[in-house]
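So the structure is just underneath, and the comments pick up after that.
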Amino acid sequence: MTTLTDPLAVAFFSEILTVDQLARNKISRALPKGMELSHFLVLNYLARSTETRTPAQLAHTFNLTRGAMTNTLQKLEWAGHIHINPDWDDARRKQVVISPAGRKARDTALGAITPIMSQIVDATGSEKVRTMLPVLREIRLRLGEAE
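Residues 153 to 299 in the numbering used here are what the sequence shown lists, from first letter to last.
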């Protein structure tokens with residue numbers, strides 16, 4: 153059992169939080185004009201998803217309030233990147249799907265940020281990164297359980 157002053161835990165999470173901040177800043181600056189990181193993350197998720205999602209499901213997935221997700225979805229819909237349709241099985245719910253323009257915007261953004269990510273992976277070493285992935289996934293899952 154660790155304590156609140158466990159130097160390993162503090163150093164580990166300090167590194168994760170710093171990496172998160174640096175990565176967000178670097179990727180945000182590389183995104184196409186007008187696209188925010190939150191927009192890219194939702195478009196990327198929807199582009200990779202095989203099923204439609206409700207705004208509530210997306211809010212849960214991204215650990216956001218429904219209001220914050222609604223704001224992001226409204227901006228994406230206004231830009232023509234998503235469609236928000238009624239759920240024909242439950243009129244109280246809506247379904248979110250990525251539009252062809254959204255796929256194109258996501259692909260353009262991915263093209264802009266992939267060189268940055270690849271450069272970091274190459275400089276760090278593919279094998280090191282491959283070794284870290286299972287550990288990071290486990291930590292993500294454990295953090296998700298903590299709620």
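In this text, a Cβ means the ideal position worked out from N, Cα and C, and glycines have one as well.
What you are looking at is a predicted structure, and each value in this text was computed from that prediction instead of being measured.
Exercise for review: Output yes or no for whether 7 Å exceeds the beta carbon distance between Thr233 and Ala264.
Suggested key: If you number the sequence shown from 1, residue 233 lands on position 81. If you number the sequence shown from 1, residue 264 lands on position 112. It is worth fixing the name first, because residue 233 is His in this sequence and not Thr. In this structure, Ala264 does not lie closer than 7 Å to His233 by Cβ.
**Study point:** Contact set for Gln226: own chain, Cβ-Cβ below 7 Å, skip 5 residues either direction
**Key:** Here residue 226 refers to the residue found at position 74 when the sequence shown is read from its first residue. Contacts found: none.
Practice item. Classify Met187 as buried or exposed, calling it buried when 16 or more other Cβ atoms lie within 10 Å of its own Cβ. Key: The sequence position of residue 187 within the sequence shown is 35, counting from 1. By the neighbour-count rule (16 or more Cβ atoms within 10 Å), Met187 is buried.
Review point. Where does His177 sit, in a helix, a strand or coil, going by DSSP?
Key: Numbered from 1 along the sequence shown, position 25 holds the residue referred to as residue 177. It should be pointed out that residue 177 corresponds to Asn in this sequence rather than to His. It is helical.
Point to revise | Residues near Ile179 by beta carbon distance below 7 Å, same chain, minus five either side | key: Here residue 179 is taken as the residue at index 27 of the sequence shown, counted from 1. For Ile179, where only same-chain residues beyond five positions count, the Cβ hits under 7 Å are Leu189, Ile265, Ile268.
Exercise for review: Could you have a look at Pro267 and say whether DSSP puts it in helix, strand or coil?
Suggested key: Within the sequence shown, residue 267 is the residue found at index 115, counting from 1. In this structure, Pro267 counts as helix in the three-state DSSP scheme.
Check your understanding: How should Phe165 be labelled, buried or exposed, when 16 other C-beta atoms within 10 angstroms of its C-beta is the threshold for buried?
Key -> Taking the sequence shown and counting its residues from 1, one reaches residue 165 at position 13. Under this definition Phe165 is an exposed residue.
**Study point:** Rounded separation between Ala257 and Ile236 - CA only
**Key:** Translated into the one-based positions of the sequence shown, residue 257 becomes position 105. Translated into the one-based positions of the sequence shown, residue 236 becomes position 84. Using only the alpha carbons, I get a separation of about 17 Å.
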